[in-house]
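Below is one structure; the comments refer to it alone.
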Amino acid sequence: ERAYLEVDHIEPFALGGKAELENLRLLCSTHNRYRAQLTFGKQWRRAFE
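And the structure:
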């Protein structure tokens with residue numbers, strides 16, 4: 868749903884990805900959190916809950 872869209876870095880900012888249009892996309896909040904969990908692990912997700 869568009870009300871829950873978030874800007875996602877294709878190459879994560881924390882891993883050196885740039886905050887440039889070519890490296891950004893819109894994801895729903897659920898998929899954005901899922902992708903972060905795949906990249907950084909479950910420990911990361913728990914830190915933000």
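Read the sequence shown against our numbering and you will find it ends at 916, with the numbers running on by one and no gaps. Every residue, glycine too, gets a C-beta built ideally from N, C-alpha and C.
For this session: Provide the residue(s) that pair with R892 in DSSP beta bridges, ordered along the chain.
Result: Per DSSP, D875.
For this session: Could you give the DSSP three-state label for A886: helix, strand or coil?
Result: Coil, per DSSP.
For this session: State yes or no: is the C-beta of E873 within less than 8 Å of the C-beta of N899?
Result: Their beta carbons are under 8 Å apart, which means E873 touches N899 by this criterion.
Exercise. Alpha carbon to alpha carbon, how far is F904 from F880?
Worked result: One detail in the question is off: residue 904 reads as Gln in this sequence, not Phe. Cα to Cα, Q904 sits roughly 14 Å from F880.
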